[in-house]
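This note's numbering puts the first residue of the sequence shown at 41, with every later residue one more than the last.
Think of the CB as a built atom: it goes at the ideal place given N, C-alpha and C, for glycine as much as any other residue.
Bear in mind that the values here come from a model prediction, so they are computed numbers and not experimental data.
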Amino acid sequence: KTYVDSFGSLVPFVLLFMIIIASSIGFFFMIPVAAAALILDFRVALMISLVGLTAGAMFSFYIARYLGRDYFEKKVVSKIDTLKDYDEHLEKSGFLSVFFLRLITLTPYELVNIAAGLSRISSLQFFLATITGIIPGTLITMYFVRTTNDIGSFQFYIAMILLTAFAIMPLLSKKVRTIVLNN
Numbered sequence: 041k042t043y044v045d046s047f048g049s050l051v052p053f054v055l056l057f058m059i060i061i062a063s064s065i066g067f068f069f070m071i072p073v074a075a076a077a078l079i080l081d082f083r084v085a086l087m088i089s090l091v092g093l094t095a096g097a098m099f100s101f102y103i104a105r106y107l108g109r110d111y112f113e114k115k116v117v118s119k120i121d122t123l124k125d126y127d128e129h130l131e132k133s134g135f136l137s138v139f140f141l142r143l144i145t146l147t148p149y150e151l152v153n154i155a156a157g158l159s160r161i162s163s164l165q166f167f168l169a170t171i172t173g174i175i176p177g178t179l180i181t182m183y184f185v186r187t188t189n190d191i192g193s194f195q196f197y198i199a200m201i202l203l204t205a206f207a208i209m210p211l212l213s214k215k216v217r218t219i220v221l222n223n
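Written out as structure tokens, the structure reads:
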């Protein structure tokens with residue numbers, strides 16, 4: 041907190057840059073998101089986090105799309121029927137698949153970015169699913185981080201319960217698993 045505060049009026053931009061970089065290269069992006077939640081006004085921290093996470097996701101999506109999509113389709117997808125079917129599923133139902141994967145906070149964020157970039161999902165579907173899918177988890181995570189100032193408080197326990205429930209609830213839904221896994 042002290043280090044980030046040392047940037048003065050540039051703090052929001054520094055945190056935004058850190059979130060973009062961390063969420064696009066596979067670094068633990070929750071560190072700068074947590075820092076934003078602790079240091080900044082809640083609304084500013086939320087906006088910076090959503091913009092940064094989405095920008096980082098789009099960056100790694102496009103890198104995978106333009107550097108690996110054609111090769112991956114020719115060398116892997118075309119030879120495995122299950123992947124071919126799933127690729128077609130993502131072309132048709134990509135929004136819901138990515139949306140639910142974003143809701144499942146235990147799913148590796150960067151893996152979803154790269155896998156989507158290698159698939160047939162449109163960039164618009166990926167963008168919309170990412171931005172809408174990360175809102176609930178980001179809100180709950182920021183609420184949890186802000187309650188850590190008073191560990192043991194009622195709000196802290198509520199935030200822990202919400203965070204845990206939110207992480208596992210989508211996994212319990214057969215409908216969500218069917219959409220995500222194309223079963």
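Can you give me the C-alpha to C-alpha distance between residue i and residue j, rounded to a whole angstrom?
i: ARG186; j: LYS115; result: 47 Å
i: LYS132; j: ILE191; result: 45 Å
i: TYR106; j: SER64; result: 15 Å
i: ALA62; j: ASP125; result: 32 Å
i: ALA75; j: GLN195; result: 19 Å
i: VAL51; j: THR42; result: 11 Å
i: ARG83; j: VAL73; result: 13 Å
i: ILE71; j: MET58; result: 9 Å
With a threshold of 7 Å on Cβ separation, who are the neighbours of residue i within its own chain once the five nearest residues in sequence on each side are excluded?
i: ILE175; result: LEU90
i: ILE171; result: LEU90, THR94
i: PHE135; result: GLN165, LEU168, ALA169
Taking residue i as part of the alpha helix (DSSP H), name the residues at either end of that continuous run.
i: PHE241; result: Within the shown structure, residues of the chain are numbered from 41 to 223, placing residue 241 beyond reach of any answer.
i: ILE88; result: 82-115
i: LEU179; result: 163-187
i: LEU151; result: 149-158
i: ASP190; result: Unbroken run through ASP190: none, as it is neither H nor E.
Could you name the residues of the same chain whose beta carbon sits closer than 8 Å to that of residue i, not counting the 5 residues immediately before and after it, in chain order?
i: ILE180; result: ALA199, LEU202, LEU203, PHE206
Using a Cβ-Cβ cut-off of 6 Å (strictly less than) and excluding sequence neighbours within five positions of residue i, which residues of its own chain qualify?
i: ASN153; result: ALA97, SER100, PHE101
i: PHE112; result: LEU158
State the CB to CB distance for the pair residue i and residue j, rounded to an integer number of angstroms; the pair is presumed to be in contact (CB under 8 Å).
i: ILE88; j: LEU56; result: 5 Å
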